[in-house]
Amino acid sequence: MLSKDEKNIARECIAMALEAGAGKARVSMSRNEMSIVATLDGEVDKVTSCLDRSISLNIFADGRYGSFSTNKLDRASLQSFISGAVETTRMLAADEFRDLPDPARYAKDALTGDELGIADPSYSGVTPGFRSRMAVENALHTDRGEGWKLVSQEGEYSDSDYSNFVLDSQGLEALHHETSFEFFTELTIEDSSGHKFSGGWWEASPLLKDFHPEKVAEAALREAVMQIGPGACRSGKYKLVIDSEVSSKVVSPILNALNAFSIQQGNSFLVDSAGKRIFPSGLTILDIPRTPGEACGKLFDSEGVATSNHAIIENGVVKEYFVNTYMANKLGTAPTAEDAVRPSVLPYLPSGTAPEGPFGREEIMKLCGDGILVTDFCGGNCNQATGAFSYAIQGYRFKDGRICRPVREMLITGDIVSLWSGLIAAGNDARRCRAKLTPTLAFDNVDFSG
Amino acid sequence: MKVANEFFDRFSVSLPQLENLVAEGLKGGGDWCDLFFEDTFYSELVLRDAEVNSGGSHIDFGCGVRVLKGEKTGYAYAESTEPSALLAAARAASAIGSAPAARLAASSSKPVSGTATRPVPGSYYPAKEDWRTAESSRFIPALRKLDALIRGRDGSVHKVIAMLSYSVTDVLMYNSLGELSADTRPLGSISVTTIFIRNGSTEMSTASRSFRCGPEMISDALLEEIADSAVKGMDERFDARRPKGGKMNVVMAAGASGILLHEAMGHAFEADFIRKGQSIFTGKLGERVARKGINIVDDATIPGNRGSLNVDDEGVPGQKTCMVRDGILESYLHDRISAGCFGLPSTGNGRRESFRYNPIPRMRCTYMENGTDGTVQDIIADVRKGIFVEEFSNGEVKIGEGDFTFYVKSGRLIENGRLTMPVKDINIVGNGPRALSDIVAVASDLKIDNGTWTCGKEQSAPVGCGIPSVLVKGLTVGGE
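Here the protein sequences come in this chain order: L and X.
If you read the first sequence in numbering that gives the first Met the number 0, its first letter stands for residue 0, the second for the next number, and so on.
If you read the second sequence in numbering that gives the first Met the number 0, its first letter stands for residue 0, the second for the next number, and so on.
Here you go:
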């Protein structure tokens with residue numbers, strides 16, 4: 000957590016900027032303490048200990064704007080750096096649309112940083128011994144099975160304590176504090192023919208009491224073993240089921256295309272979509288940054304503006320673009336959210352009713368009958384201007400709702416709006432530890448090449 | 000290597016202090032300790048809507064301390080060079096010394112210095128002027144000119160976003176063998192994104208150039224070259240379609256297609272993946288991996304190249320490493336840890352994003368040398384049905400399996416030995432070792448691409464790539 004002295008340094012930076020000639024200024028001070036214990040084949044392989052502190056400055060001077068950062072935080076260095084920053088800003092072209100937000104929009108409830116309850120008070124008591132035990136004890140303790148042997152296993156336990164203090168010359172002061180406990184495993188196995196397959200899994204939680212890394216290595220192994228004996232399917236149209244772990248791949252292009260900067264530049268396939276039904280009625284995406292106790296929540300954005308729980312897309316209708324203060328001034332519209340902080344895709348069934356009980360990839364494969372389940376993407380691209388995408392996939396052919404065999408070296412192609420128009424179902428299995436709460440998704444009539 | 004006092008002054012340290020820190024790092028029982036001091040100044044200017052109206056500068060300063068015990072690593076860093084902060088980092092890193100016994104015997108795991116035979120550090124950054132002392136306002140006209148050049152070339156240009164970014168990094172390194180080295184690394188880049196609108200359709204292009212040199216890189220000729228690249232092929236792109244997908248022969252154009260070597264093969268040659276048994280090329284040293292006549296190198300010595308290094312981030316001089324010679328796998332890419340593991344000298348591939356990271360084997364500028372199969376036209380003429388790819392992006396590889404993917408930015412169908420319909424929005428997938436062995440023709444038109452290539456293996460690092468035109472049999476192309 001930021002100390003009183005560190006917060007005072009941030010406040011002094013505002014004063015220094017104004018003294019150097021800035022009309023307005025915003026400062027963001029971050030502090031991140033992190034420890035990592037990595038293992039290789041179950042033994043401690045690397046221990047890392049670090050503390051990062053940095054100051055970011057937005058300078059508004061003579062109708063001009065610049066952004067700067069430094070991690071030299073002694074007062075003499077800051078004084079010199081900030082004077083130079085104001086000078087640099089003054090040589091840029093004027094931009095009448097740059098400004099601090101309306102103070103009425105500031106977060107007024109981020110006073111201690113702990114309001115969301117995602118900073119574990121026990122963090123300071125975490126010991127090096129505990130970290131090593133977490134890393135070693137959660138490693139896989141077997142090296143072979145039926146038809147495979149372990150080639151290598153890498154694991155990593157890490158924890159961090161992050162705080163961020165945002166303040167500006169209009170009186171904004173907002174504080175965010177969160178801790179994180181994470182564990183991941185990546186392993187490589189070899190089948191009896193010498194072919195290698197890799198698998199990975201991870202768990203994370205802001206609070207130690209909710210952190211459960213015990214099954215991570217098993218899940219990584221399961222993923223690797225299931226890939227033994229892959230092949231490609233015949234090219235054609237299939238039902239596509241995307242596992243919740245990777246389904247953000249087809250949600251992120253929508254969120255990127257809603258950014259007002261992309262809209263203004265004409266680099267978005269969602270230009271002129273606000274208020275219109277672009278997607279099927281089964282698609283609703285909410286932003287829920289203010290849920291207490293949940294990872295990645297935030298009470299304010301990078302401008303210090305209060306976040307809110309609200310709809311981004313509701314029953315297929317685009318409810319908003321992401322418009323920060325600058326873009327609002329430039330486009331002559333009201334500002335909205337700067338970005339989606341914690342977007343959540345709501346469950347959907349063809350019947351239009353909410354699923355009762357668990358509704359994840361097994362249930363969705365049963366609903367679809369035949370198709371291809373995608374569990375990983377390996378490269379690819381989405382053209383933000385047109386929405387056309389092409390992604391390489393890894394996953395499984397399934398028939399009658401059951402997995403038959405692994406597939407790889409296949410590609411899916413299409414465009415994002417058409418893909419979503421074929422939405423069959425959205426599950427309720429989004430992983431809470433992820434920033435984007437995207438569940439297992441199913442789509443009809445998708446082009447596969449292999 | 001003689002290290003100028005200015006480096007000691009910049010970091011406010013002295014040689015005796017470095018010796019004491021290394022001794023402190025080794026107190027826990029480690030058998031190697033190195034220090035990496037870094038001072039990076041980074042600045043950017045951005046043109047949007049025809050005005051250079053945003054920009055800024057950034058400072059990153061600190062010191063990383065690494066302690067090794069066998070192959071095990073203890074790592075810590077300080078964001079200041081105050082003696083107390085450095086001491087705390089050395090003590091934190093030294094904790095690895097108490098880890099259980101290393102897998103290798105100390106003698107074989109001890110990093111190899113190669114002092115007797117190591118090459119002399121080069122001078123591969125032809126910087127006449129230091130970016131740090133140049134007034135940034137003088138670069139503003141160049142961005143405005145680039146905007147005008149692009150708009151002047153194509154009436155359908157809707158928006159131009161152009162960015163000049165530049166950095167200078169001072170590094171000072173010291174290790175427990177008593178080796179002291181230093182480097183000043185300039186890097187300048189111009190990149191531009193252009194949006195075109197024609198008859199209600201939108202297309203986007205990106206173009207960039209990046210060099211390890213000073214502000215003198217900004218010339219009229221360079222701006223003209225970038226402007227040409229920004230609008231190149233746009234007529235075809237508006238007409239381009241997705242082809243029918245499936246297995247096809249792929250002709251890769253000289254230059255930017257070299258990213259295929261980086262992703263599909265180069266990563267699998269990095270010796271950390273070999274040391275851990277993860278790479279599909281593990282145990283294949285000395286074996287044929289490509290047809291006779293094919294040479295693939297990783298080179299830190301090309302003057303001004305984005306991937307060039309006078310010394311790597313472990314103080315090993317920059318060098319040119321031949322990975323595949325005449326089709327035979329000759330060398331992996333080593334940092335000191337993997338070199339120690341294999342009992343070889345480091346190949347100078349120990350690189351890190353910043354003082355916050357420990358070094359790992361990374362590529363520099365990876366390319367294939369010229370072949371003897373004539374021109375690209377000769378190669379295309381021999382293809383009955385396939386795809387000619389001019390530019391790739393968004394490459395990715397799975398190291399264990401060797402599977403790779405690339406997005407095709409621009410290309411054309413090949414039908415009966417002739418280029419026909421422009422294609423877009425497709426990917427190519429394949430398997431690295433298989434694709435390498437399926438390269439059946441190599442032209443003699445090697446081109447190093449000077450785009451802003453950045454490798455993202457755990458940490459980001461600037462790299463270069465290049466290739467002559469080549470024909471690869473039977474890759475999977477995604478389409479309708």
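Glycine included, every Cβ here is placed at the ideal spot set by N, Cα and C.
From a predicted model like this one, the values you see are computed outputs, not experimental measurements.
Checklist entry - Between the stretch 35–48 of chain L and chain X, which residues of the former have CB atoms less than 9 Å from a CB of the latter, in chain order? => result Ile35, Ala37, Leu39, Asp40, Glu42, Val43, Asp44, Lys45, Val46, Thr47 and Ser48
So which residues of chain L does Lys144(X) contact, with C-beta pairs closer than 9 Å? Position 145 of the second sequence, counted from the start, is the residue given in the question as residue 144(X). Within chain L, no residue comes near Lys144(X); the closest Cβ sits about 15 Å away, beyond 9 Å.
**Any chain L beta carbon closer than 8 Å to Asn174(X)** = As a working note, residue 174(X) is residue 175 in the second sequence. No, its Cβ sits nowhere closer than 8 Å to a Cβ of chain L.
Practice task
Flag Asn380(L) as yes if its beta-carbon sits less than 8 Å from any beta-carbon of chain X, otherwise no.
Solution key: Position 381 of the first sequence, counted from the start, is the residue given in the question as residue 380(L). Yes, Asn380(L) counts as interfacial toward chain X.
> Interface residues of chain L around Met203(X) at Cβ under 8 Å?
Replying inline: Numbered from 1 along the second sequence, position 204 holds the residue referred to as residue 203(X). Asn266, Asn382, Gln383 and Ala384, listed in chain order.
Report task. Would you tell me roughly how many angstroms separate the C-alpha atoms of Val315(X) and Asp129(X), rounded to the nearest one? Result -> If you number the second sequence from 1, residue 315(X) lands on position 316. If you number the second sequence from 1, residue 129(X) lands on position 130. Rounded to the nearest angstrom, the two C-alpha atoms are 24 Å apart.
Q) Taking the runs of the alpha helix (DSSP H) that are 4 residues or longer, which of them lie wholly in the stretch 337–371 of chain X? A) none
Ordered along the chain, which non-local residues of its own chain (more than five positions away) have a Cβ less than 6 Å from that of Leu50(L)? In the first sequence, the residue the question calls residue 50(L) occupies position 51. Hits under 6 Å: Glu32.
Review point. Is it true that the stretch 87–106 of chain L meets the stretch 62–69 of chain L, where meeting means three or more beta-carbon pairs spaced less than 8 Å apart?
Key: yes
| message | Taking a contact to mean a Cβ-Cβ separation below 8 Å, would you say Ser180(X) touches Val310(X) in this structure? | response | Walking along the second sequence from the start, residue 180(X) turns up at place 181. Walking along the second sequence from the start, residue 310(X) turns up at place 311. Yes. Within cutoff.
Presumed contact (8 Å Cβ cut-off) between Ile217(X) and Ala141(X), rounded CB distance: Residue numbering aside, residue 217(X) sits at position 218 when the second sequence is read from its first letter. Residue numbering aside, residue 141(X) sits at position 142 when the second sequence is read from its first letter. The Cβ separation is near 5 Å, so the contact holds.
Problem set entry | Where the beta strand (DSSP E) containing Leu418(X) begins and where it ends | Walking along the second sequence from the start, residue 418(X) turns up at place 419. Here the beta strand (DSSP E) through Leu418(X) covers Arg417 to Val422.
task: Report the rounded CA-to-CA distance for Tyr161(L) versus Ile117(L), giving the unit in angstroms.
output: Numbered from its first residue, the first sequence carries residue 161(L) at position 162. Numbered from its first residue, the first sequence carries residue 117(L) at position 118. Looking at the two C-alpha atoms, the distance is approximately 10 Å.
On the criterion of 16 or more Cβ atoms from any shown chain inside 10 Å, does His211(L) qualify as buried, or is it exposed? Along the first sequence, one-based indexing puts residue 211(L) at 212. It is exposed - the Cβ of His211(L) has fewer than 16 other Cβ atoms within 10 Å.
- Message: Give me the DSSP bridge partner(s) of Met247(X).
- Response: Start at 1 with the first residue of the second sequence, and residue 247(X) comes out as number 248. Met247(X) is bridged to Leu474(X).
### Query
Do Ile227(L) and Gly146(L) have their CB atoms nearer than 8 Å?
Counting from one through the first sequence, the residue named residue 227(L) turns up at place 228. Counting from one through the first sequence, the residue named residue 146(L) turns up at place 147. Yes, they are a contact pair.
Could you please tell me which residues of the stretch 392–412 of chain X, in chain order, have their CB closer than 9 Å to any CB of chain L?
-> Ser392, Asn393, Gly394, Glu395, Val396, Lys397, Ile398, Gly399, Glu400, Gly401, Asp402, Phe403, Thr404, Phe405, Tyr406, Val407 and Lys408
query: Anyone know if the C-beta pair for Asn137(L) and Phe182(L) falls short of 8 Å?
result: Counting from 1 along the first sequence, the entry for residue 137(L) is found at position 138. Counting from 1 along the first sequence, the entry for residue 182(L) is found at position 183. Yes, Cβ-Cβ distance for Asn137(L) and Phe182(L) is below 8 Å.
For Arg411(X), which option in Ser79(X), Ser436(X), Val471(X) and Arg241(X) has the closest C-alpha, if you only look at C-alpha atoms?
Reading the second sequence from its first residue, position 412 is the one you call residue 411(X). For Arg411(X), the nearest C-alpha among the options comes from Arg241(X).
Q: Figure out for me which residue from Val296(X), Val388(X) and Arg363(X) has the closest Cα to the Cα of Val375(X).
A: Here residue 375(X) refers to the residue found at position 376 when the second sequence is read from its first residue. Answer by Cα proximity: Val388(X).
Evaluate Ala88(X) with the Cβ neighbour count: other Cβ atoms within 10 Å of its Cβ, from every protein chain shown; 16 or more gives buried, anything less gives exposed.
Counted from its first residue, the second sequence places residue 88(X) at position 89. Buried: at least 16 other Cβ atoms inside 10 Å.
Item checked: Asp377(X) - containing alpha helix (DSSP H), residue span -> By 1-based counting over the second sequence, the position of residue 377(X) is 378. Segment Val375 to Ala380, the alpha helix (DSSP H) holding Asp377(X).
Let me check understanding here. Comparing Cα to Cα, which of Ile287(L), Ser157(L), Glu293(L) and Tyr122(L) lies closest to Arg130(L)? One-based indexing of the first sequence puts residue 130(L) at position 131. Nearest of Ile287(L), Ser157(L), Glu293(L) and Tyr122(L) to Arg130(L), Cα basis: Ser157(L).
Worksheet item: For Asn427(L) versus Pro354(L), is the C-beta distance shorter than 8 Å?
Response: What you label residue 427(L) is simply residue 428 of the first sequence in a count that begins at 1. What you label residue 354(L) is simply residue 355 of the first sequence in a count that begins at 1. In contact: Asn427(L) and Pro354(L) (Cβ atoms closer than 8 Å).
>> Measuring CB atoms only, is the stretch 196–205 of chain L touching the stretch 222–239 of chain L, in the sense that at least three cross pairs come out at less than 8 Å?
In response: yes
inquiry  = According to DSSP, simplified to helix, strand and coil, what is Ile13(L)?
reply    = Locating residue 13(L) in the first sequence gives position 14, counting from the first residue. Note: Ile13(L) maps to helix in three-state DSSP.
Exercise. Closer than 9 Å by beta-carbon distance: list the chain X residues that pair up with Pro127(L), in chain order.
Key: Mapped onto the first sequence, residue 127(L) falls at position 128. Residues of chain X passing the Cβ test: Ala94.
Review point. With a Cβ-Cβ cutoff of 8 Å, do Val304(L) and Ala24(L) count as a contact?
Key: Translated into the one-based positions of the first sequence, residue 304(L) becomes position 305. Translated into the one-based positions of the first sequence, residue 24(L) becomes position 25. Contact flag unset, no.
* Other residues of its chain near Asn393(X): CB distance less than 6 Å, five sequence neighbours each side excluded -> Locating residue 393(X) in the second sequence gives position 394, where the first residue counts as 1. Closer than 6 Å at Cβ, skipping near neighbours: Tyr406.
**Asked** Closest by CA to Glu134(X), which one among Arg89(L), Asn258(L) and Ile371(L)?
**Response** On the second sequence, position 135 is the one that residue 134(X) refers to. With distances taken between Cα atoms, Glu134(X) lies closest to Arg89(L).
Q.
Output needed for Cys12(L): all residues of its chain with C-beta closer than 7 Å, excluding positions within five of it in sequence on either side, in chain order.
A. Locating residue 12(L) in the first sequence gives position 13, where the first residue counts as 1. So the list reads Val26, Ile54, Leu56, Leu77 and Ile81, once near-sequence residues are dropped.
Could you say if the stretch 223–235 of chain X and the stretch 353–361 of chain X meet the contact criterion of at least three C-beta pairs nearer than 8 Å? no
Just the Cα atoms here: how many angstroms apart are Gly339(X) and Arg433(X)? Reading the second sequence from its first residue, position 340 is the one you call residue 339(X). Reading the second sequence from its first residue, position 434 is the one you call residue 433(X). When rounded, the distance between both Cα atoms is 30 Å.
Q: Quick one: residues in its chain with C-beta nearer than 7 Å to the C-beta of Arg102(X), no 5 flanking neighbours on either side, listed in chain order?
A: Start at 1 with the first residue of the second sequence, and residue 102(X) comes out as number 103. Bear in mind that the predicted position of Arg102(X) carries a pLDDT of just 48, short of 50, making it too unreliable to give a figure here.
| What span of residues does the beta strand (DSSP E) with Ala440(X) cover, start to end? | Stepping through the second sequence from its first residue, residue 440(X) is reached at position 441. Ile438 to Val441 is the extent of the beta strand (DSSP E) around Ala440(X).
* For Met364(L) and Thr352(L), the rounded distance between their alpha carbons -> The residue you call residue 352(L) lines up with position 353 of the first sequence. The residue you call residue 364(L) lines up with position 365 of the first sequence. Approximately 18 Å, taken between the alpha carbons.
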